[in-house]
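Visitor:
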Amino acid sequence: MTGPDGDIDAPGRPARGAEAGAATPHLRGYARFSAFTCLLVLFPFFIVFLLLGLYAIAGVVLAAGVVGALAARRRRPKSDRPLIVFSAIGGLLVLFIILPILNLLFTTDPARIVAMARDASVRDALALTLSAAGIATLISLLLGIPLGYVLAREEFAGKPVVEGIVDMPVVIPHTIAGIALLFIFGRAGIVGAPLKSAFHVLLSDSYWGIVLAMLFVGVPFIVNHSRDGFLKVDPRMENVARSLGASRLGAFFRVTVPLTWRALLSGAIMTWARAISEFGSVAVIAYYPKTINTLLFEWYNFFGYAYTKPLAALLLLVALAIFVTLRAVAGLKRADHDRA
Amino acid sequence: MIGLERVSRRWREFAIQDITLEVKEGQYLVVVGPTGAGKTLLLELLLGIHHPDSGRVFIGGSDVTGLPPERRGIGMVYQDYLLFPHLNVEQNLSFGLRYRRWLGERIRKKIDETARLLRIEHLLHRYPYTLSGGEKQRVAIGRALAAEPRVLLLDEPFSALDRGTAHRLRGEVQSLHREKRLTIVHVTHDLAEARQMGDSIALINEGKLNARGTPEELLRCPPTLFAANFAGAPNLYKGCVEESGGAIRVVAGPIVAAPAPGNGGMPHVLVLPDEVTLLPGLAAPGTNLLRGEVTGLRDEGNYVSVFVRVEELAEPLTVHTSRQSVRTQALGLGALVTADVRKAIHVLWD
């Protein structure tokens, strides 16, 4: 499922997840509401878009510059030659990533991208994707942060196994994950069947099925980011907080969380981005309602790639906006947080 | 006031084994021991971070073994300060006060009082990363004291500071202890610090309480072989057990000691350098009258160390004597002397 469409992920990210999850309840009105909020949230991103072109061009120039500068420096001792060769190879890789992206952005008629953004089916699919991804992210925060904390603080038998399981959605091909999920959450599955008979909730071909698939592929990011964040807070700092009268939970919320909010936020953004770009498992579990990736895949199949290009460019802009936000968050430095 | 009763706890590579320890109200106990002896674990058992595998923890006569740290009323100060980096000094100081349900004005007063006490008034609005090591440790101590703990625990509090700062802060903590009648348990690996700070020293080795006493008792006359070695006591000689005429005695070279209560193993003979009397010239032979030659003198400030080589003794005997007697007895290099060690002998067992 890695067509030219599935993957508008940020460059250089480890791609591919699969899905896992939790049975989620039966609230359909939420879909529309959160679609709206997600769109609202997205608006500031469009401002960033303008800067993006500059950012990307600067990237290419920088890569070429590094390669050129290294190659041109005759003064470098012979023993540094491998370094120069490595730089040249690296530069090629950087170009390999950035060229298709720039090409897509700059060879697409902006008017057609705008027109695409006005298309009702595109807007519906985009809203659906962003909101389902948003809900999957919220659920992953609720489920993932406690696990991240336990993994950071406790030593127990089987911990490597648990950590391995958490990472599995990253390596399992997502179509397979989709099928595996269907056997549990599908209409005949051991969780899906009772859900259907008791609550008339169907996960296959439904909004919540999409959320489920997105949750499965996104969860490793929030668990790992929060665990790494918690690891950076000395547990003895929590001991001090407790000696001063804070309960364990109090110490967690008054000391640990304020010191890790950046890791938690970047984990959430990664999860959200991964969920938005998910196609394979989503398509298996819920081809309808169509997410933006499903739509793009369908158009590509029926109308060919030229027709799909403006939509792809639009999605690329969305993904890049998320990526830039992520980098900005990761780069945020309050000195008092970073130096003890 | 605070104490452990037969507490054992094994955690990672550290262990506390069957330790019973009591600190009286207003006492300053220093827990000393080599790295890895389980000193920090001991503090965290008192604090309640660790739950003993067996045994009980007491504070003020009541059993607090099952109480979590937040309900024990114990202050903790770590070597590396661990100030809350997202809070400024004032917020750090008031962290524990939120749980006291005090009125804002009372909190305000407490912060001012604490800041004055530790002379950090000018730092109240600064963030921890802008502070020097000494300032951070003052804030850390202030943060613990502001919450009015019943006991203050200090875990190697001066080890990360430069000499001068550490020296100043030691003095201040001592006067805090005296003025506020604080009960303090202070952990260190530095015996000199222990001697300076504590009214009582507990020596810990491999998770066990090895010795306990005033600095005077422990250092003048180490009660255990480990204490003698840890304190770097001179005149420690390996001995062996001999039987003669039905009586058992311990012999190390020319030194003969009465049978002392021991728990098997190898006996060692310790000669306390302060208790030896030096007699000029070679006296008539007698039990524990060691005849030898002065091979060195070292001025130690208040007293003089005289090194006497004695035949059959592995190391020269160290004797502490006054400057005056060095002069009057003409103790110079090569002088022949007799060391009367009869009142200076202690037998320690492995």
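Residue numbers (the working numbering), protein chains in the order written: chain A, 1 to 340; chain B, 1 to 350. Don't be surprised by glycine CBs; every beta carbon is placed ideally from N, CA and C.
#1: In this structure, does DSSP put A/P25 in helix, strand or coil?
#2: Using only CA atoms, which one of B/L103, B/T277, B/L153, B/N229 lies nearest to B/L331?
#3: Checking 8 Å against the spacing of the C-beta atoms, do B/A15 and B/R9 come in under that value?
#4: Which two residues bound the contiguous alpha helix (DSSP H) that contains B/E216?
#5: So, does the CB of B/M1 fall closer than 8 Å to a CB anywhere in chain A?
#6: If distances are taken between C-alpha atoms only, which option among A/L105, A/L130, A/L99 comes closest to A/P310?
#7: For the region 62-87 of chain B, list every residue whose C-beta sits within 9 Å of some C-beta in chain A, in sequence order.
#8: Answer yes or no: do B/P234 and B/P273 have a C-beta to C-beta separation smaller than 8 Å?
#9: What are the uninterrupted segments assigned as beta strand (DSSP E) that are 3 or more residues long and contained completely in the region 292-339 of chain B, given in chain order?
#10: Quick check: what's the CA-CA separation for B/V269 versus B/H167?
#11: Thinking C-alpha only, which one of B/K136, B/G207, B/L203 is nearest B/P222?
#12: Would B/V294 be called buried (16 or more neighbouring beta carbons within 10 Å of its own) or exposed?
#13: Return no unless some Cβ of chain B is closer than 8 Å to the Cβ of A/A23.
#14: Quick check: the Cα distance between A/E163 and B/A115, rounded to an integer number of angstroms?
#15: My output table needs one value for A/F156: the three-state DSSP class, helix, strand or coil.
#16: Within the 8 Å Cβ cut-off, does A/S197 reach chain B?
#17: At a Cβ cut of 8 Å, what residues of the region 232-249 of chain A count as close to chain B, listed as they run along the chain?
#18: Of all the residues that make up the region 140-171 of chain A, which are near chain B by a beta-carbon distance shorter than 7 Å?
#19: Output yes if chain C places a C-beta closer than 8 Å to the C-beta of B/A258; else output no.
#20: Any beta carbon from chain A within less than 8 Å of B/L145's own beta carbon?
#21: Quick one: using the 10 Å Cβ neighbour count with 16 as the cut-off for buried, is B/Q79 buried or exposed?
#22: What residue does the beta strand (DSSP E) around B/V250 start on, and which one ends it?
#23: Apply the 10 Å Cβ neighbour rule to A/G144 and answer buried if 16 or more other Cβ atoms are within range, or exposed otherwise.
#24: So is A/P100 in contact with chain B if we call contact Cβ pairs under 8 Å?
#25: Per DSSP, what kind of secondary structure is B/S94 in: helix, strand or coil?
#26: May I have the straight-line CA-CA distance separating A/A22 from A/V170, to the nearest angstrom?
#27: Is the number of C-beta pairs between the region 34-44 of chain B and the region 119-131 of chain B that are closer than 8 Å three or more?
#28: May I ask you to report which of helix, strand or coil DSSP gives A/N103?
#29: Just to confirm before moving on: does the CB-CB distance between B/P34 and B/P85 stay below 8 Å?
#30: Quick one: list the residues of chain A neighbouring B/F95, beta-carbon separation under 9 Å, in chain order.
#31: Give the secondary structure of B/Q17 by DSSP, where H, G and I count as helix, E and B as strand, and everything else as coil.
#32: How many whole angstroms separate the CB atoms of B/V32 and B/H189, which I take to be in contact at a CB cut-off of 8 Å?
#33: How close, in whole Å, do the beta carbons of B/G48 and B/P69 come, if the pair is a contact with beta carbons under 8 Å?
#34: Quick check on the burial criterion: 16 or more other C-beta atoms within 10 angstroms. Buried or exposed for B/Q324?
#35: Sorted by chain position, which residues of the same chain lie with C-beta nearer than 7 Å to A/G229's C-beta, five sequence neighbours on each side aside?
#36: Got a sec: does the ligand SAH put a non-hydrogen atom nearer than 7 Å to the Cβ of B/F158?
Guide: Quick look at the numbers:
#1: Only weak support exists for where A/P25 lies, its pLDDT of 44 falling under 50; the coordinates are left without a value.
#2: B/T277
#3: yes
#4: 215-220
#5: no
#6: A/L105
#7: P68, P69, E70, R71, R72, G73, I74, G75, M76, V77, Y78, D80, Y81, L82, L83, F84, P85, H86, L87
#8: yes
#9: 304-310, 317-321
#10: 36 Å
#11: B/L203
#12: buried
#13: Low per-residue confidence applies at A/A23: pLDDT is 39, beneath 50, and the placement is therefore not dependable enough to give any value.
#14: 46 Å
#15: coil
#16: no
#17: D234, R236, M237, N239, V240, A241, R242, S243, L244, G245, A246, S247, R248
#18: none
#19: This model lacks chain C altogether; the protein chains it does include are A and B.
#20: no
#21: buried
#22: 247-252
#23: buried
#24: no
#25: helix
#26: Bear in mind that a pLDDT of 39 at A/A22, under 50, signals an unreliable position, so the model cannot answer this.
#27: no
#28: helix
#29: no
#30: V240, A241, L244, G245, A246, R254, V255
#31: strand
#32: 7 Å
#33: 4 Å
#34: exposed
#35: T260, A263, L264
#36: Ligands are entirely absent from the displayed structure, and the ligand SAH is therefore not among its contents.
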